[in-house]
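Chain order of the listed sequences is A and B. Under our numbering, the first residue of the first sequence carries the number 1, and numbering increases by one thereafter. Under our numbering, the first residue of the second sequence carries the number 1001, and numbering increases by one thereafter. Backbone N, C-alpha and C fix where the C-beta goes; we use that ideal spot for every residue, glycine too. Encoded as structure tokens, the structure appears first; notes follow it.
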Amino acid sequence: MNDVAVVGFAQAPCVRRTHGTTNGVEMLVPIFAEVFEQTGLTKADIGFWCSGSSDYLAGRAFSFIAAVDAIGAFPPIHESHVEMDAAWALYEAWLKIRMGEVDTALVYGFGKASAGELRRVLSLQLDPYVMAPLWPDSIGIAGLQARLGMDAGLWSEKDLAEVAARSRRDATSNPFAQLSGDVEAARLLEEPLVADPLRAHDIAPVTDGAAVIVLASVERARDIVERPAVITGIEHRIDSPVLGARDLTRSPSTERAGLAVGARDVEIAELHAPFTHQELILRDALGFGDDVRINPSGGALTGNPMFSAGLTRIGEAARQILAGNASRTLGHATSGPALQQNLVAVLERG
Amino acid sequence: MLADKSRTCFTSVVTSAATETEQTPLSAPLNVGFDYTRSVGPVLGHFVNALRQRRIVGIRGSDGRVHVPPVEYDPHTAEALTEFADVADEGTVVSWSWAPEPLEGQPIQRPFAWALIRLDGADTALLHAVDAGSAAKMRTGMRVRVRWADEPVGHIRDIAYFLPVDAPPDDPAPTPPPPPVVEREEGSPVTTVVTPVHLSFEHSVSPEESRYLRGLAEGRLIAQRCPACGKVYIPPRGACPTDGVPTVEEVELPDTGIVTTFCIVNVPFLGQRIKPPYVAAYILLDGADIPFLHLVLGCEASEVRMGMRVRAAWKPRQEWSTTLENIAHFEPTGEPDAPYESYAHHL
């Protein structure tokens, strides 16, 4: 089967609010142009298109159809969509290339989270019989998870603040980040609790944004870029939707996905952790020591565009290889409440 | 069972804010809602029917552990589970987080705690809300008991919320309205639960659509032309679906055109404004390359045909807003029909 590589990546700036349409299509037009510029490909060269977004975020049915206009889909294209983070759209595109059906694919994710009340919208991901009717919001659920780890002595408020401080420092060199700055963890801990046990720095900001990745078979990739980022392993797993039956301080789905792709020996890992404590759970699940550089981009805590933040992690991990900064990196994406579903991809210099 | 009661609302009235400029894209509140009806099946059915009797039941897994709420299949063996077990309506807080500003629909409409609660007799924890007054009164390991809804209906929200066991009995928390129920015969079990889902958005349109909507408020039909393929779109598009580039050049169209295709609506439905039969048609304005959907009135439904020439019937000027509803409907002009070849490529 064909091996698959990332050959292009672009993202829209992460911002608190755009003035664009509710479905956020305007964010896509410039980044499509950017990846075509990077790769020298045109839309006619793309064999398969796949996107990740959500109708609940846009407040209308089939909202992803509007985004197809940004492609310029004539003559008709070969297209698909997942109602998840676009990292899962990348998985679908990866399969298409693996199977030899196409040799290039363009994957994109987008969402205007500022249009609605994000933490309330996200409660509709929950079990519709016994949880969603209570409208438990994403911050409340993350707080339950964070406290379980605190009570068990797995992490402290200080540990969480250090994750936030490091993320913001790293984001100062990321022009697309929404939050950044040189701030000490001790200073962050002086801020009030916004949703006990969480402080504002523990929670990823509400973000409008979009991202796009171009994939190619390895054979094709060598003609497109000098250092393609070959996906040597990609796996996704899911944990029970029953929050009260899971050990929320662990992420067995990440652990299993990580084992399947040989996650340990990477230089850089981009982890999709929308809450500070979730980064600690993920690092543990992937078996990382201090030698693995985590989220040099600043990660989702400094910009969390819904339905593209996970794809962006894979894009950032690939960019480190495309730019010649690393030879083995990891991208992770999560979807659902409290790290329910997780995808892990390992990338190597081809 | 289908919904005996369902409600939809979809309102989007584009209004002009006092401070906006010609360039600011239009936006307006958008509220969407739907009452989801779900069949409960044997396991969740048992659970919600017990709630109606102010009892909580779990289900025993293959390892002997009792799951509350009950799960339909064993998480380890994937076998269907059938052995129900009663548990207490009192339990222990396993974890909690504070909700200082309750959101619409949440169980308690004053500051409260989300909690994972392990009921006595259960091995897994139930997610629910605790009315403790303040975060300072919450702690892991505290004992809580159910505050039942005044009139249980067979729904998770029959558990209104939880209270600390030693809470005073006379301070009921404000709660959202009870969930609607599916009508059924007296005494028969609940087989369907209804869960309203209402979301609020600030809906925004593109700069191109804003030009079009502002034009309608002046009685003008503004289309835009794609700079690459020259096609004229009304409403204008954020990006030409053929070329993927924004449409830019403004084109004003007349309010006459043709029917490209149509259907006769005979079926009554919720929210219908005109008595059937009537015609919904694709209208291709003269000079446009894309038709839009509107009504054709002013003749018998059976007289409407493909290629028929029509003209807009505008509402009185004082009723105009930034909406295509300024045109009440289209009416036949009486001119000869357009030849099929002239619009065949727009079908």
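Chain B has a Cβ within less than 8 Å of the Cβ of D69 of chain A.
The C-beta of G1244 of chain B comes closer than 8 Å to at least one C-beta of chain A. Taking the beta carbon of F74 of chain A as reference, the chain B residues within 7 Å of it are P1241, T1242, listed in sequence order. For T312 of chain A, the secondary structure class from DSSP, reduced to helix, strand or coil, is helix. Under the three-state reduction of DSSP output, R17 of chain A falls in the coil class, being neither helix nor strand. Judged by their CB atoms, H81 of chain A and S51 of chain A are nearer to each other than the 8 Å cut-off. In terms of Cβ geometry, A204 of chain A and P136 of chain A do not form a close pair [threshold 8 Å].
At a beta-carbon threshold of 8 Å, the residues of chain A lying near L1103 of chain B are E117, R119, R120, W135, D137, ordered along the chain. Residue pairing for A229 of chain A: DSSP places it in a beta bridge opposite A:V6, A:R349.
Proximity of I1290 of chain B to chain A, defined by a Cβ-Cβ separation below 8 Å, is not satisfied. The beta carbon of Y108 of chain A sits no closer than 8 Å to any beta carbon of chain B. Contact check for A5 of chain A against P228 of chain A passes: the beta carbons are separated by less than 8 Å.
Within chain A, no C-beta atom comes less than 9 Å from the C-beta of P1189 of chain B; the nearest is roughly 15 Å away.
Per DSSP, reduced to three states, the secondary structure at W88 of chain A is helical. Using a CB distance cut-off of 8 Å, G1238 of chain B counts as an interface residue toward chain A. Between the C-alpha atoms of H272 of chain A and E1209 of chain B there is a straight-line separation of about 35 Å.
For R222 of chain A, the nearest beta carbon of chain B is not closer than 8 Å to its own beta carbon. Taking G140 of chain A as reference, the option from A:R199, A:E92, A:G299, A:A177 with the minimal CA-CA separation is A:R199.
In chain order, D202, T276, H277 place their CB closer than 6 Å to the CB of L160 of chain A, counting only its own chain and leaving out the 5 sequence neighbours on each side. Contact between A260 of chain A and E235 of chain A holds, since their C-beta atoms are separated by about 4 Å, short of 8 Å.
Judged by DSSP in its simplified three-state form, G331 of chain A adopts strand.
Take the alpha-carbon of D1120 of chain B and the one of R1052 of chain B: they are about 20 Å apart. The criterion of a C-beta distance shorter than 8 Å is not satisfied by A67 of chain A and V15 of chain A. Of B:S1062, B:V1304, B:K1137, the smallest CA-CA separation from V1093 of chain B is found for B:K1137. For the stretch 12-31 of chain A, the beta-carbon criterion of a distance under 8 Å to any beta-carbon of chain B is satisfied by H19, G20, T21, T22, V25, E26, V29. Contact annotation for Y1036 of chain B against chain A: P128 [CB-CB distance below 8 Å, chain order]. When beta bridges are read from the DSSP output, H1294 of chain B appears opposite B:A1281. Think of a sphere of 9 Å around the beta carbon of S253 of chain A: no beta carbon from chain B falls inside it, the nearest being about 13 Å out.
Annotated as distal: L179 of chain A and A185 of chain A, with beta-carbon spacing of 8 Å or more.
Boundaries of the beta strand (DSSP E) around R1145 of chain B: 1143-1148. By the C-beta density criterion, R283 of chain A is buried, having at least 16 other C-beta atoms within 10 angstroms.
Residues of chain B with a Cβ closer than 9 Å to the Cβ of M131 of chain A are, in chain order, P1069, L1127, I1156.
Taking S297 of chain A as reference, the option from A:A177, A:G153, A:I46, A:R17 with the minimal CA-CA separation is A:A177. Relative to the Cα of R250 of chain A, the nearest Cα in the group A:L347, A:F62, A:E92, A:L154 belongs to A:L154.
For F1201 of chain B, the chain A residues whose C-beta falls within less than 7 Å of its own C-beta are T22, G59, A115, G116, listed in chain order.
In the three-state reduction of the DSSP assignment, H1345 of chain B falls in the helix class, which pools H, G and I.
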